[in-house]
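Here the structure is laid out as structure tokens; the discussion comes afterwards.
2 protein chains.
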Amino acid sequence: MQQLANAAAKTNEEAALSDRVHAAVTELIKSQQLHGGDIIVESRLADILGVSRTPLREALQKLEGEGLVVKNGRSFVVRAVGLAEYLQSLKVREVLEGEAAALSAGRVPPAAIKRVRENIDALLAAPVYLPEAHWQSDDEVHSLVCDYAGNPVLAEMIRHLRMVTRLYETLNLADRLIPDATEHLEIIEALESGEAKLARQKAQAHMRSLYKASI
Amino acid sequence: MQQLANAAAKTNEEAALSDRVHAAVTELIKSQQLHGGDIIVESRLADILGVSRTPLREALQKLEGEGLVVKNGRSFVVRAVGLAEYLQSLKVREVLEGEAAALSAGRVPPAAIKRVRENIDALLAAPVYLPEAHWQSDDEVHSLVCDYAGNPVLAEMIRHLRMVTRLYETLNLADRLIPDATEHLEIIEALESGEAKLARQKAQAHMRSLYKASI
DNA sequence: CGCATACACTTTGCATGCGAACAAGGGCGG
DNA sequence: CCGCCCTTGTTCGCATGCAAAGTGTATGCG
Numbered sequence: 001m002q003q004l005a006n007a008a009a010k011t012n013e014e015a016a017l018s019d020r021v022h023a024a025v026t027e028l029i030k031s032q033q034l035h036g037g038d039i040i041v042e043s044r045l046a047d048i049l050g051v052s053r054t055p056l057r058e059a060l061q062k063l064e065g066e067g068l069v070v071k072n073g074r075s076f077v078v079r080a081v082g083l084a085e086y087l088q089s090l091k092v093r094e095v096l097e098g099e100a101a102a103l104s105a106g107r108v109p110p111a112a113i114k115r116v117r118e119n120i121d122a123l124l125a126a127p128v129y130l131p132e133a134h135w136q137s138d139d140e141v142h143s144l145v146c147d148y149a150g151n152p153v154l155a156e157m158i159r160h161l162r163m164v165t166r167l168y169e170t171l172n173l174a175d176r177l178i179p180d181a182t183e184h185l186e187i188i189e190a191l192e193s194g195e196a197k198l199a200r201q202k203a204q205a206h207m208r209s210l211y212k213a214s215i
Numbered sequence: 216m217q218q219l220a221n222a223a224a225k226t227n228e229e230a231a232l233s234d235r236v237h238a239a240v241t242e243l244i245k246s247q248q249l250h251g252g253d254i255i256v257e258s259r260l261a262d263i264l265g266v267s268r269t270p271l272r273e274a275l276q277k278l279e280g281e282g283l284v285v286k287n288g289r290s291f292v293v294r295a296v297g298l299a300e301y302l303q304s305l306k307v308r309e310v311l312e313g314e315a316a317a318l319s320a321g322r323v324p325p326a327a328i329k330r331v332r333e334n335i336d337a338l339l340a341a342p343v344y345l346p347e348a349h350w351q352s353d354d355e356v357h358s359l360v361c362d363y364a365g366n367p368v369l370a371e372m373i374r375h376l377r378m379v380t381r382l383y384e385t386l387n388l389a390d391r392l393i394p395d396a397t398e399h400l401e402i403i404e405a406l407e408s409g410e411a412k413l414a415r416q417k418a419q420a421h422m423r424s425l426y427k428a429s430i
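First to last, the sequence lines map onto chains A and B.
Here our numbering is used: the first residue of the first sequence is 1, the next is one more, and so on.
Here our numbering is used: the first residue of the second sequence is 216, the next is one more, and so on.
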């Protein structure tokens, strides 16, 4: 349980305690130190994070609104995403990220493209596999697709869906390194070329690839 | 301010106080007794609802997670949806509801279709215009599209987007009665026929119609 | 020996209280 | 007369305390 305290300490800026707790718990869930289905005992988690129950409860309520935790009877449990929901989310992402890619095609600054490409190359060249680096590269690519589509609402939806898919824990990430990198590079190339139809197609193909790998 | 207390009283089942408050405030926002941009004074609203600040704050945090209120500095304000965001949401809905309609085509039980059709007819035949009835019919039609698509994640996204578009207050609903009813009937007919492409097209056309009416 | 009841403990729900940040208004000095 | 600072009131952030609901265990009775 000591790692939990560390994760909390990582978020020690000058801000409202309640918000820091929210960020800390979010991180605990994303990093799967709290995994799906875990029931949350308020006083225990509050102690670990070094705060009283009030700000923790507020953070949990907010997380419930965001869909990261759910109330089961009287207590909060970390949301568990099963295969069915994961696949459904991928279907929706196929539609949305396809659209976003089409909208972004030709609008991404060359500098951003260059940076993301280099990170993918570095990831492929890395001597040992680091899940964190994989996630980060993934974030970069999909952010590229979202952020230049000129539709913040669309971007926000995609971000939320990506969060959900990330909660699906069974996925074996390491196996996805090569396919992800390959498909990401294709998406980036399409974005660069400015061909909207191609970008849409590549983004959708990426989602379908993930889908097939998970059945 | 007395109406506010009434809205609260409407939600007086046997449940956790915090959840009742959440439902009450949601209703206050949807019914625009609290409108976008209003700053929320915790103690005042808590008094009106007849609870202490703690459950109210928890409800507000949850609403923040859901995106119905936002924190501005130290206090909560009701989220204001502007024209830009409204139009962006419609664009996303065009994609998602199109997809949902295509998926639902031919899968909606005849009884459900019949019920919704009758309500549209009743709405058109009503001697006076009732916004509530208009909203309810709208809900029914779009729920038809969502609920039979076999993808709860997709349905949930659409529901959330519809919430956002509903917060856009400038829209003059009465002017939309005829076009909405007409387009809704076309969507329903397409769903009934089982032609996925047609259903997608009709749903998208409905969104584009809303879009054009708002520019 | 099995079952039911009561008791103790854990955990949550909510209210209240206090300290601190922020806003406003008035008084004082320039 | 204008501007600055200080004072006062309001509102928020958080901790704590208490009551109620739930859970598990042990004990007594059938």
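No residue lacks a Cβ here, since even glycine has one placed at the ideal position from N, Cα and C.
Being a predicted model, the structure only gives us computed values, none of them experimental.
Residues of chain A with a Cβ closer than 7 Å to the Cβ of B/M372 are, in chain order, V92, M157. The C-beta of A/P55 comes no closer than 8 Å to any C-beta of chain B. Going by DSSP, B/V356 is part of the alpha helix (DSSP H) stretching over 346–362. Following the DSSP letters along the chain, one finds A/S193 inside the alpha helix (DSSP H) bounded by residues 177–193. With fewer than 16 other beta carbons inside 10 angstroms of its own, B/K427 counts as exposed.
Contact note: A/S89 reaches chain B through V368, using a C-beta cutoff of 7 Å and chain order.
When DSSP states are grouped into helix, strand and coil, B/S304 belongs to the helix group.
If you check each beta-carbon in the region 56–79 of chain A against every beta-carbon of chain B, the ones closer than 9 Å belong to R57, E58, A59, L60, Q61, K62, L63, E64, G65, E66, G67, L68, K71, R74. Interface residue (Cβ-Cβ distance to chain B less than 8 Å): A/L28 is not classified as such. The Cβ of B/L311 sits closer than 8 Å to at least one Cβ of chain A.
Between the alpha carbons of A/A100 and A/T165 lies a distance of about 18 Å. Taking the CA atoms as reference points, A/V95 sits about 15 Å from A/V153. Classified as exposed, B/S267 has fewer than 16 neighbouring CB atoms from the shown chains inside 10 Å of its CB. With at least 16 other beta carbons inside 10 angstroms of its own, A/N151 counts as buried. When Cβ pairs closer than 8 Å are counted between the two stretches, the region 290–299 of chain B is seen not to touch the region 77–93 of chain A, the count staying below three. Following the DSSP letters along the chain, one finds A/N172 in no beta strand (DSSP E), marked with neither H nor E. In this chain, the alpha helix (DSSP H) harbouring A/N119 covers 110–125.
Counting C-beta pairs closer than 8 Å gives three or more between the region 124–139 of chain A and the region 168–180 of chain A, which meets the contact rule. Where A/S75 is concerned, the enclosing beta strand (DSSP E) starts and stops at 75–78. B/I403 places its beta carbon 8 Å or farther from that of B/R322.
In the three-state reduction of the DSSP assignment, B/V310 falls in the helix class. Look at B/E300: its C-beta is under 8 Å from a C-beta on chain A. Near chain B, meaning a CB-to-CB distance below 8 Å, the residues of the region 97–108 of chain A are E99. Under DSSP, no beta-bridge partner is assigned to B/K412. DSSP links A/N72 through a beta bridge to A/S75. A/S43 sits exposed, since fewer than 16 C-beta atoms from the chains shown fall within 10 Å of its C-beta. Taken through DSSP and simplified to helix, strand or coil, A/I29 comes out as helix. Taking A/L123 as reference, the option from A/H134, A/R115, A/P109 with the minimal CA-CA separation is A/H134. For A/I39, the beta-bridge partners assigned by DSSP are A/V77. Around the CB of A/V145, 16 or more other CB atoms lie within 10 Å, so the residue is classed as buried. By the criterion of a C-beta distance shorter than 8 Å, A/Q201 is surrounded in its chain by G98, A190, once the five residues flanking it on both sides are discounted. The residue from B/A231, B/K286, B/G251 with its alpha-carbon nearest to that of A/D19 is B/K286.
In this structure B/H421 touches B/E398 by the C-beta definition: roughly 4 Å separates them, less than 8 Å. A direct Cα-to-Cα measurement between A/E27 and B/A320 gives close to 41 Å. For A/V164, the uninterrupted alpha helix (DSSP H) run begins and ends at 152–167, by DSSP.
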